[in-house]
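S.K.:
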Amino acid sequence: MAAKTTWTDADPVGFIEVVSPEKRRLDAVALLELMRRVTGAEPRMFGTAIVGFGEYHYKYASGTEGDAPAAGFSPRKAASVVYLNDGISAHEDLLARLGPHTHGVGCLYLKDVAAVDLGVLEEIVRRSYATLTAGTYGNRAAEG
Numbered sequence: 002m003a004a005k006t007t008w009t010d011a012d013p014v015g016f017i018e019v020v021s022p023e024k025r026r027l028d029a030v031a032l033l034e035l036m037r038r039v040t041g042a043e044p045r046m047f048g049t050a051i052v053g054f055g056e057y058h059y060k061y062a063s064g065t066e067g068d069a070p071a072a073g074f075s076p077r078k079a080a081s082v083v084y085l086n087d088g089i090s091a092h093e094d095l096l097a098r099l100g101p102h103t104h105g106v107g108c109l110y111l112k113d114v115a116a117v118d119l120g121v122l123e124e125i126v127r128r129s130y131a132t133l134t135a136g137t138y139g140n141r142a143a144e145g
């Protein structure tokens, strides 16, 4: 089964330049720089709205496998989404110190990037990136 979302040749900086509202665009600029610094990777577009950094290979017990960004974010209208594909539960200790956020199983939602502790956010992204790029990853975010 082919992945629904794949890498594209779209320009991530061009994508960010037209993000609205302005608050979300400013958050996207901050996340772009943070993830570039933490991962050492250049941004690439994954699908139409995800800015990804690096890549990891996953293979689940079901036989499903593919490639996805090892770190990434998407500036959505309601909040900026930081993808943590190793699962939120892997970062509970740091999330307690992050500042205002909400989360799903593998997504961290930030309404105001400037309101969170960026050092803590960097450590969350660093940990997640290291876990995902250590080899083929076999867990879904809910199993992390």
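Residue numbering for the sequence shown follows our numbering, beginning at 2 and increasing consecutively.
Backbone N, C-alpha and C fix where the C-beta goes; we use that ideal spot for every residue, glycine too.
Since we're looking at a predicted model, the values are computed, not measured.
Which partner residues of S81 appear in the DSSP bridge assignment?
M.R.: In the sequence shown, the residue the question calls residue 81 occupies position 80. For S81, which the question treats as bridged, DSSP gives the partners P76 and L111.
S.K.: In its own chain, which residues sit with a C-beta less than 6 Å from the C-beta of V83, not counting the 5 before and 5 after it?
M.R.: Taking the first residue of the sequence shown as 1, we reach residue 83 at position 82. Same-chain partners within the cutoff: F74 and L109.
S.K.: Is V117 buried or exposed, if buried means 16 or more other CB atoms sit within 10 Å of its CB?
M.R.: Walking along the sequence shown from the start, residue 117 turns up at place 116. Per the 10 Å Cβ criterion, buried.
S.K.: Do A72 and F54 have their beta-carbon atoms positioned less than 8 Å apart in this structure?
M.R.: Position 53 of the sequence shown, counting from 1, holds the residue named residue 54. Position 71 of the sequence shown, counting from 1, holds the residue named residue 72. Yes, Cβ-Cβ distance for F54 and A72 is below 8 Å.
S.K.: Can you tell me which of the three DSSP states D12 falls into?
M.R.: The residue you call residue 12 lines up with position 11 of the sequence shown. DSSP places D12 in coil when its eight states are reduced to three.
S.K.: How close, in whole Å, do the beta carbons of G88 and V106 come, if the pair is a contact with beta carbons under 8 Å?
M.R.: On the sequence shown, residue 88 is found 87 positions in, with the first residue counted as 1. On the sequence shown, residue 106 is found 105 positions in, with the first residue counted as 1. Yes, G88 and V106 are in contact; Cβ-Cβ is about 6 Å, under 8 Å.
S.K.: Just to confirm before moving on: does the CB-CB distance between P76 and A42 stay below 8 Å?
M.R.: Position 75 of the sequence shown, counted from the start, is the residue given in the question as residue 76. Position 41 of the sequence shown, counted from the start, is the residue given in the question as residue 42. Their beta carbons are not under 8 Å apart, which means P76 does not touch A42 by this criterion.
S.K.: What is the DSSP secondary structure of T132, reduced to helix, strand or coil?
M.R.: Counting from 1 along the sequence shown, the entry for residue 132 is found at position 131. Reduced to three states, the DSSP call for T132 is helix.
S.K.: Report the three-state DSSP secondary structure of H92 (helix, strand or coil).
M.R.: Translated into the one-based positions of the sequence shown, residue 92 becomes position 91. H92: helix per DSSP, three-state reduction.
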